[in-house]
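Residue numbers (this note's numbering), protein chains in the order written: chain U, 3 to 364; chain R, 3 to 364; chain F, 3 to 364; chain Y, 3 to 364.
Each residue gets a CB set at the ideal place from its N, CA and C atoms; glycine is no exception.
Next comes the structure, spelled out in structure tokens:
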């Protein structure tokens, strides 16, 4: 959970926990579906379990917080796929079916949907896990019941009618975890400051490479990386983890550049930028006033102002209403997208604003 | 939870558990409010704790299921009050302040609101407890957080702005517990059959008193009770509990009257009436058809048809939107009713239908 | 847990919960053993699951507390077997294999040991469940780990070497639950008083049948029952549950006999006899003094003294060291009885006194 | 828990969690003792809470695993004290009372015993927490009950008689956590390898300082540190955490020295040395054979053999029976050391071997 532990100290669980947890749920889902007569061969079982175990392997240090920053423009799923392909070479093709499922090229789409879909094992695990480790009980979901309600019809994953209340709760819980945890303003501030640190190092690196240097893989991404995910790039990426970044921040905190040093020191001492979140964009005049104040109070170069004050918007983007498609299968065999169902709470949850605007400043 | 254990076998927790739990939460609420500088004297503390401990003491056997049936027209709060008054006599007035708070006659309304209000310790405990013992995770609420967010302003209980998401969750959870648990169609069917049993015994008693007789207090309510809550009535009421009713049903199951025997046997063997629940009233033609079928298939006297098929409506009645008033206090001191707040999910939850129509039949 | 809720109010879980829980553990044990290559056929699986579901079906009202009292000399396992045999008749022999396993006549003894042995699913469930519902954390056992450590060798159930600490913990936990919960002196007092009530009713019945009469099945056991478990006896037994006994006690509390009325009133109002428990028998002089005091203070007939003061011994009898046989299988294939293993804590636990002496008096 | 997560992946909880947890328990203990009439002034309350919050602040990177290695001969309590003294200077003496309690110089010894004694809040928290995060249910203790049983008599912390079973369980649980978790052979192997890594770096540093250098504080301990805890030493110590060591190991894994590189690579890839644990010292001949095999199989310099194979003993040293003093206060006012009490299980637990011998080798 990147830097969420600055707000929720319990949130120190790891990517490994999540992968094992999602794998555990996948075991249950496969057993449940088989009980309902859905055909899943032993090979498909192995493949879908391998795929869920590996689905997040492309997450780098501080996962979502540094996604697109360390390797601009590449999302973690792409990296997961590249790593899975390399592993597949080492394993003489044993992962081929897992990769087909992961990339949704297999002829049974429900296997892919168990890994990546509106009710996949990934979300089922992370909502449960994150709510447990943060102590935010609003995120508790009835995963055991949803698993029991899963069904497959014409190759598509769906939920039995009886599970509607659990799905309703799942949608509400996910929404609540976003605003209370993942996009909590203090978590947001700290993670944006982490991004600003990386940005500043990128800017300073051409002139100060030696003194900013941390280790070979980080040097590679600050100096050599072309933007293309070559084998070398991937190898360097795999050698990095949170410890490297944290070590670097501790070192950079005493670097001569006042901007880098300020950002690192503030983050380490949890003296985070002031942050506001709201559903409307921030008023331009208000931003201008804040900028003027920073310029006048600190000796800040105008071109560096964006390190001291910045705006943006944040969203639970992957879940826009138009893509939110959960199929419900009724006792009489009828199938409906959840958005068509006469349940005002689900409608409301689905159609609520999924983005907010933020401003962070010194 | 009356007969909810027929659907959720874990739901065997007792009224005693709930009273102790609500008392426990009251201890925390008092401590929390005092930390915020709210003045609560030792006498007030004792009184508000005594009141929450006793708030449900007027519940008779099978609580809500037989409320208004055993003692027509009298709700359990009235009985709680009568019992508290009797105890107060025995205790030389030690409960006077508790009673004033319970009946909202004390000059600090927030003390009453902690016992009976939109966010009282009663609901906080029963939602948590019922969701725990049924295993319905949709009912989990963040009671610890809501308690931390409570505040008092001008004598009124309110919630700090930061607690809005927890209140949102609380409202959604309560709604979900109603439809998934309290008004689950099988729970509803069994509880309505219990009511029909009592109704039938009432009808048969004048002619069959001796053979239907169970014990003195039940005889009293079937034979002598005038409708007025005299001291004798209250004493007889206090001598009854679930065991008497269950014992009676086991005995009546072999009584000669076919209606009583059918109802008792069906309930004991969990062969419950078929039940449907929907948001619209049931179609008169459909009801007529069902009635005709029952009349033709079983030898049923038309005047007794209502024991074999009955309709009704059910609601989370105490919580109609117009009475739903939770006050939110903002950082700047502003106070708003939660219904005025710009949160579509809360609006939606508050304005969703709170009643459903049911039909039960053999 | 009979009357344990008088000390641990949470302990209201039912025999049904326990049966479902033991069944759930059996499902896991079967799956685990199969993963290790142990051959269990689908029929054996069904049978062993049916047997664990039914293993306690012979428990009557207030289970252990009234075992041997309501039906003298017959233990609940015998009753379970009789009921299973009747069910088997109804089910055209579908339970034959389950009965063979239950009575240890099947050629794979480990299946019986999963139901009734030192590490059976029965104990695994009740220790976990009772410790959960009483809140006595000392009884928590690592059932999940023990299940993973189970193995079968030459038809015998055993535990892998790695599981020794979990077994050690299991033995300590069981011992602690006995002294802290099952044989807690207040629980003991209340359950012995319940036995005395039944004893007194037995004594009074010949002369007061009509006024003591509760219902047909209880009449049967007080009047007609010959001691032989005929079909009629079994049918009457099956018609009784806790509600009948509790109803009876409430009624007998106002019966004219002062002994019966005293015992019933005391139990209902939780004014229990004073009780002491110790590892040595009570000193005869001390007992005599207490008896003398009771005789002088209350108008007690000497022959009825045993209703006011009584001694006895209590033990976790089924678990005497000599029968305590848990086999451990070592990595090198060697097998040892746990009592031979060099673990002083296990030795000590196994050899600690398993009985205590008690005295209860008015 | 240093490297215990290599065996128990869940064990990633932090020193901060433990400190907050112990503080939380202290709040409860103080409240409980006050309820029993023990005089604790507001200043004493603040001091004892500050002391428990800070009691472990002297733990460096990988805590127990590297204690005595990074700073030879200095235990973490001494470092905690030094840091508390520096904080006290910054806080104008506000911590003076906390320090007096921490060092047991205050005239109410029970306050010290709540921080450091046989039943202190430290152990109460870490047993509960470690057992929770590892999932080793054998370590579950009844901390809530022990807290309720605490008492103070003539300034000494003691436990009421009724709490004996809970103390028994506490002693058994602690013992089980040692052998199952803290001294698990794989955890032991990994932590000893970590120590060997630091040892090797110490040896190589004089000649390879530049290429081994990680950062300023680590350089200080490898090069300049005299063994005396000067202010500079303490400052450098406080700047180190797990990230620095992990970063270093990743870097040293590709260092030219084959020993250092082997140790680091093995640890990072979890290819740990083979390890055995037993209650008797290892046979010299067996050791010699293993050594000979390593010498012949790998090109190992004899003087470096200790990096490839090493023996030692490990113990829950702080808890030798002679120091194990828990006072029990009986209802009649009598006080006994727990070791004098007639409870064979406690005796056995107290007198069981507290040390084991280990051998680790390539």
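So which residues of chain Y does residue i contact, with C-beta pairs closer than 8 angstroms?
i: residue 174 (chain F); result: 171, 174 and 347
i: residue 351 (chain F); result: 347
Applying a beta-carbon distance threshold of less than 7 angstroms, which residues of chain U neighbour residue i?
i: residue 12 (chain R); result: None at all; the shortest Cβ gap to chain U is about 14 angstroms.
i: residue 61 (chain Y); result: Chain U residues near residue 61 (chain Y): none, gap ~16 angstroms exceeds 7 angstroms.
Using CA coordinates, which residue listed in the options is at the minimum distance from residue i?
i: residue 155 (chain U); options: U:289, U:38 and U:274; result: U:38
i: residue 50 (chain F); options: F:63, F:31 and F:64; result: F:31
i: residue 358 (chain U); options: U:340, U:278, U:329 and U:335; result: U:278
i: residue 175 (chain U); options: R:188, R:139, R:330 and R:207; result: R:139
i: residue 11 (chain U); options: Y:17, Y:143, Y:317 and Y:236; result: Y:17
i: residue 247 (chain Y); options: Y:85, Y:218 and Y:306; result: Y:218
i: residue 171 (chain U); options: R:360, R:356, R:361 and R:347; result: R:347
Can you pull the chain R residues whose beta carbon is under 7 angstroms from the beta carbon of residue i, in chain order?
i: residue 92 (chain F); result: The premise fails here: residue 92 (chain F) is roughly 15 angstroms from chain R at the closest Cβ pair, so nothing lies under 7 angstroms.
Please report the residue range of the beta strand (DSSP E) in which residue i lies.
i: residue 278 (chain F); result: 276–280
i: residue 162 (chain U); result: 158–162
i: residue 315 (chain Y); result: 311–317
i: residue 364 (chain U); result: Premise fails: residue 364 (chain U) is in no beta strand (DSSP E) and is neither H nor E.
i: residue 186 (chain R); result: That residue, residue 186 (chain R), is in no beta strand (DSSP E); it is neither H nor E in DSSP.
i: residue 296 (chain U); result: Residue 296 (chain U) -> not in any beta strand (DSSP E); alpha helix (DSSP H) instead, spanning 286–299.
i: residue 154 (chain U); result: 152–155
Between which two residues does the alpha helix (DSSP H) holding residue i run?
i: residue 337 (chain R); result: Segment 337–339 is the beta strand (DSSP E) holding residue 337 (chain R); no alpha helix (DSSP H) there.
i: residue 20 (chain Y); result: 17–37
i: residue 331 (chain R); result: From DSSP, residue 331 (chain R) is part of no alpha helix (DSSP H) but of the beta strand (DSSP E) over 329–331.
i: residue 81 (chain R); result: 78–92
i: residue 65 (chain F); result: 65–68
i: residue 102 (chain U); result: 98–104
i: residue 176 (chain R); result: 166–179
i: residue 49 (chain R); result: 44–56
i: residue 131 (chain R); result: 123–136
Would you grab the beta carbon distance between residue i and residue j for me? Rounded to a whole angstrom, and I think it's under 8 angstroms.
i: residue 67 (chain U); j: residue 4 (chain U); result: 4 angstroms
i: residue 274 (chain Y); j: residue 192 (chain Y); result: 5 angstroms
i: residue 54 (chain F); j: residue 117 (chain F); result: 5 angstroms
i: residue 364 (chain Y); j: residue 296 (chain Y); result: 6 angstroms
i: residue 313 (chain R); j: residue 251 (chain R); result: 24 angstroms between Cβ atoms; not a contact.
i: residue 34 (chain R); j: residue 152 (chain R); result: 6 angstroms
i: residue 92 (chain Y); j: residue 239 (chain Y); result: The Cβ separation is near 17 angstroms, so there is no contact.
List the residues of chain R that residue i touches, going by C-beta distances under 8 angstroms, in chain order.
i: residue 245 (chain F); result: 244, 245, 248, 249 and 252
i: residue 167 (chain U); result: 140, 178, 181 and 182
In chain F, which residues lie less than 8 angstroms from residue i when you measure between Cβ atoms?
i: residue 18 (chain R); result: 11
i: residue 144 (chain Y); result: 138, 139 and 140
Note down, in chain order, every chain Y residue with its Cβ under 9 angstroms from the Cβ of residue i.
i: residue 15 (chain U); result: 12 and 14
Proximal residues, the stretch 212–238 of chain Y versus chain U, C-beta separation under 8 angstroms: 217
Contacting positions in the stretch 259–279 of chain Y - beta carbon closer than 8 angstroms to chain U: none
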